[in-house]
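Presented below is the structure to which this report refers.
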């Protein structure tokens, strides 16, 4: 099987990669780079293709890429004072408002 062959990936893994790639493309990443990053993320989550003969077959994972952000955000937020969190929330709201006006 040649490198880059996707025949051992399930339909769900392919849909997942397509969705991830679309997100990267919306942020301005080139199509080729978005595709590369998307499959790297699927491999990180699932350990490779799940069809018979695929390297990730039968191995369960905790989907690390899908959960990492929430854990880090909660930890960082808990370590900050109430005033710091409030100031950050106000700044974020102002940024969202500014961006909405810019894109409207």
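Residue numbers (full-length UniProt numbering): 1 to 104. We put the beta carbon where it would ideally sit given N, CA and C, even for glycine. These numbers were taken from a predicted model, which means no experiment stands behind them.
Is the CB-CB distance between residue i and residue j below 9 Å?
i          : j          : result
residue 34 : residue 25 : yes
residue 8  : residue 52 : yes
With 16 as the cutoff for other CB atoms within 10 Å, does residue i come out buried or exposed?
i          : result
residue 38 : buried
residue 21 : buried
Starting from residue i, trace the alpha helix (DSSP H) in both directions and tell me its first and last residue.
i           : result
residue 6   : Element bounds for residue 6: n/a, residue is neither H nor E.
residue 135 : Missing from the structure shown is residue 135; the chain here goes from 1 to 104 and no further.
residue 97  : 82 to 103
**OP:** Would you be able to state if there are at least three C-beta pairs under 8 Å between the region 40 to 56 and the region 84 to 97?
**Re:** no
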